[in-house]
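Chemist: Mapped onto full-length UniProt numbering, the consecutive letters of the sequence shown carry residue numbers 1 to 430. Idealized CB from N, CA, C, for every residue including glycine. This is the structure I have questions about; it appears just below.
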Amino acid sequence: MRKKILISAYAVSPYRGSEYGAAWNTINYLAKKHDVWVLYGMSDDHMGDTQTLRKYMAETPVPNVTFVEVGASRLANTINLLNKAGAGWFFYFAYYLWQKAALRTARALSANIDFDVVHQLGPIGYREPGFLWQLKKPMVWGPIGGMMKIDDRLIKDMPLRSRLQFKAKNLINYFQLNYSTRIKDAFKRADVLIAATTTGQRTIKEKFGRESYHWAEPWLIKEPELDATKFRKLDSQVKLVWAGTHNERKNMKLCLQALAGVNYKNWVLNVLGTGPLTASLKQMAADLGISDKIKWHGMIDRKEAVQIMAGSHLHIVTSIAEDNPNVVFEALSNAVPTLTINHFGMADLVTENSGYKVNNGAYQDVLAGFVLVLNSILENPVQLIEKAEATLHCAAVHNWQKRLARLDGFYEEAINVYHARANKGQLVAV
1 MRKKILISAY
11 AVSPYRGSEY
21 GAAWNTINYL
31 AKKHDVWVLY
41 GMSDDHMGDT
51 QTLRKYMAET
61 PVPNVTFVEV
71 GASRLANTIN
81 LLNKAGAGWF
91 FYFAYYLWQK
101 AALRTARALS
111 ANIDFDVVHQ
121 LGPIGYREPG
131 FLWQLKKPMV
141 WGPIGGMMKI
151 DDRLIKDMPL
161 RSRLQFKAKN
171 LINYFQLNYS
181 TRIKDAFKRA
191 DVLIAATTTG
201 QRTIKEKFGR
211 ESYHWAEPWL
221 IKEPELDATK
231 FRKLDSQVKL
241 VWAGTHNERK
251 NMKLCLQALA
261 GVNYKNWVLN
271 VLGTGPLTAS
281 LKQMAADLGI
291 SDKIKWHGMI
301 DRKEAVQIMA
311 GSHLHIVTSI
321 AEDNPNVVFE
331 ALSNAVPTLT
341 INHFGMADLV
351 TENSGYKVNN
361 GAYQDVLAGF
371 VLVLNSILEN
381 PVQLIEKAEA
391 TLHCAAVHNW
401 QKRLARLDGF
411 YEEAINVYHA
421 RANKGQLVAV
């Protein structure tokens, strides 16, 4: 049955990856079967920066989708200046106010449109669940992420400032998950909950007593395909790729240290992205004696980045905390196996067939695990052909038809649960 769906997706863009791209893809696939209204507040770098999406929609309207820009208040924009200056936690205060404005806009829309279901889609972090439950409509919340505890063993050798930041985040997560009444109420009020990872599923059950569905937020970027021609010179050069922001959380130093420790030189590493640690990472590569094996591409066009991914033999993820990296889905789309630490979203997305997983533990043990896997690959690169073919098969699990069918199931269940609760008088009064 065709539905009228109201979605809150604060950040959305047809040109960006991460949460922007995940929201964009979800909206576009939903529009194949439903009429969709989207509340949004950003398509570029900061709150209120929406010029890219406005220009795109003026030139290329998306059928069955109405984008509704929710402007931030003067107070929200003022607070967000601190976020722009680098004090990231102030974003949540500004974002709280934006969610209040989103509710006002949603109420105005609801006065004329009888929505079948409301979906609090993104960002995926659990800290700000929004207020759309007050519309008294069937409600889906998720995918919900950000609930992980960063392993102290992985940050042991980081600079003091970074260690303190990660420990503070763990502490804040602990208190919010255990003592925030507003967050507890949000988990109680949603008719259907979607967890971004199986780790999140367990946390939701443990902390809030609710069952949830596991459904990762990114989508494949195209129909999965394998370019077999890239294997012609596999024996002489294994093409590796690492993509992401150069910061402590992405932990690229693990990749560099592992490659410096391998016994073979038949590899090249393509590095995509930039960040605050770019200069120090380049210096580390020089100190480790592997600079000549690395191509630093910086920030490049998304199309070019995908081409580099497609031409690679192995994708490497080293994050110490991550829900579901978009780059893993880009790798899956191009049948590129992934090497990763076996935790959080990577543990869910990467299987023994579609990649290599190194068990989490003490940093030196993880490093040794990466070196062991890379040595095995570089000694016998032909194994990557079989891995690529298996990755292509694994990607089929995430095709858009199957994912869209699951979303439809979530909406149907939310509608049924909502009406069952209404009949029992269990809806929360506003």
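1. Rounded to a whole number of angstroms, what is the C-alpha to C-alpha distance between D116 and I7?
2. Starting from Y40, trace the alpha helix (DSSP H) both ways and give me its first and last residue.
3. Could you pull the DSSP bridge partners for E69 from this structure?
4. Mapping DSSP to helix, strand and coil, what is A420?
5. Counting only runs that start and end within the stretch 9-35, where is the alpha helix (DSSP H) found for 4 or more residues in a row?
6. Alpha carbon to alpha carbon, what distance is there between L332 and K355?
7. Evaluate the contact criterion for the stretch 165-176 versus the stretch 344-355: three or more CB pairs, one atom per stretch, below 8 Å.
8. Between which two residues does the beta strand (DSSP E) containing K295 stretch?
9. Starting from T203 and walking both ways along the alpha helix (DSSP H), at which residues does that stretch end?
10. Excluding the 5 residues preceding and the 5 following G17 in the sequence, name in chain order all residues of the same chain whose CB lies nearer than 6 Å to its CB.
11. Going by Cα to Cα distance, which pick from G71, S13 and Q99 is closest to M57?
12. Within 10 angstroms of the Cβ of Y179, are there 16 or more other Cβ atoms? Answer buried if so, exposed if not.
13. Find the nearest neighbour of N270 within the set Y264, G261, C255 and Q283, judged by alpha-carbon distance.
14. Mind checking A310: buried by the 16 CB within 10 Å criterion, or exposed?
15. Just how far apart, CA to CA, sit M284 and A101?
16. Just reading off the beta strand (DSSP E) that H393 is part of, what are its end residues?
17. To which residues does DSSP link I5 through a beta bridge?
18. Rounded to the nearest angstrom, what separates A429 and R189 at their Cα positions?
19. Which ranges does the beta strand (DSSP E) cover as unbroken runs of at least 3 residues, wholly within the stretch 176-200, from first to last along the chain?
Modeler: Looking at the coordinates:
1. Position 116 of the sequence shown, counting from 1, holds the residue named residue 116. Position 7 of the sequence shown, counting from 1, holds the residue named residue 7. Each residue's alpha carbon lies about 11 Å from the other.
2. Counted from its first residue, the sequence shown places residue 40 at position 40. Looking at the DSSP string, Y40 is not in any alpha helix (DSSP H); the run it does join, the beta strand (DSSP E), is D35 to Y40.
3. Position 69 of the sequence shown holds residue 69. Per DSSP, Y40.
4. Numbered from its first residue, the sequence shown carries residue 420 at position 420. Correct three-state label for A420: helix.
5. 18-30
6. Here residue 355 refers to the residue found at position 355 of the sequence shown. Here residue 332 refers to the residue found at position 332 of the sequence shown. One point to set straight first is that residue 355 is Gly, not Lys, in the sequence displayed. Rounded to the nearest angstrom, the two C-alpha atoms are 10 Å apart.
7. Verdict: no, contact absent.
8. Along the sequence shown, one-based indexing puts residue 295 at 295. Where K295 is concerned, the enclosing beta strand (DSSP E) stretches over I294 to G298.
9. For the purposes of this step, residue 203 is taken as residue 203 along the sequence shown, with counting starting at 1. For T203, the enclosing alpha helix (DSSP H) covers residues T198 to F208.
10. Sequence index remark: in the sequence shown, residue 17 carries index 17 (1-based). Excluding sequence neighbours, G17 sits near N326.
11. Translated into positions along the sequence shown, residue 57 becomes position 57. Out of G71, S13 and Q99, S13 has the C-alpha closest to the C-alpha of M57.
12. Counting from 1 along the sequence shown, the entry for residue 179 is found at position 179. Answer is exposed; the Cβ neighbour count stays below 16.
13. In the sequence shown, the residue the question calls residue 270 occupies position 270. Comparing Cα-Cα distances from N270 to each of Y264, G261, C255 and Q283, the minimum goes to C255.
14. Counting from 1 along the sequence shown, the entry for residue 310 is found at position 310. When all chains shown are included, A310 counts as buried.
15. Residue 284 sits at position 284 when you count from the first residue of the sequence shown. Residue 101 sits at position 101 when you count from the first residue of the sequence shown. Computed Cα separation, rounded: 46 Å.
16. Here residue 393 refers to the residue found at position 393 when the sequence shown is read from its first residue. Counting along the chain, H393 falls outside any beta strand (DSSP E), though it belongs to the alpha helix (DSSP H) covering Q383 to A395.
17. Residue 5 sits at position 5 when you count from the first residue of the sequence shown. I5 is bridged to V36 and V117.
18. By one-based count along the sequence shown, residue 429 stands at place 429. By one-based count along the sequence shown, residue 189 stands at place 189. The predicted position of A429 is uncertain, since its pLDDT is 45 and thus under 50; a value taken from the coordinates is nonetheless stated next. If I take the Cα positions, the gap works out to 11 Å.
19. 192-195
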